[in-house]
Amino acid sequence: MLHTLDVKGEVCPYSTVKTKKKMKDLAIGDQLKVIFDYPLTAEEIPRWAEKAGHKVIEVKKTGDAEWEILLEKAVA
């Protein structure tokens, strides 16, 4: 199942903290699309996800100042 988390307007570490909390609620195999506008989030969330054992499927820029990260929950 695909879930979406919009953290536009948030800066690190808040965008990462909200992503961690949302991932805890998901079932293994569920995907989370994180939408954000703070550039450092494009580095911070994938770094955290890989350390936590989740899959980083895609990081893409979707606008002048907007990005999306697609994660898949791989561990409980």
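Using this note's numbering, read the sequence shown as starting at 1 and increasing by one per residue.
Virtual Cβ for every residue (Gly too), placed ideally from N, Cα, C.
The structure presented is a predicted model; accordingly, all values stated were derived computationally and were not measured.
For residue j and residue i, believed in contact at Cβ under 8 Å, the rounded distance
i	j	result
LEU71	ALA42	With 8 Å as the limit, LEU71 and ALA42 do not qualify as a contact, their Cβ atoms being about 13 Å apart.
LEU32	HIS3	5 Å
C-beta contact flag for residue i and residue j at 8 Å
i	j	result
VAL59	ILE35	no
ILE45	LYS73	no
LYS18	LEU5	yes
TYR38	GLU10	yes
Residue i, enclosing alpha helix (DSSP H) - first and last residue
i	result
ILE45	41–52
VAL17	14–25
Beta strand (DSSP E) segment containing residue i, residue limits
i	result
ASP6	2–6
LYS61	55–63
ILE35	31–36
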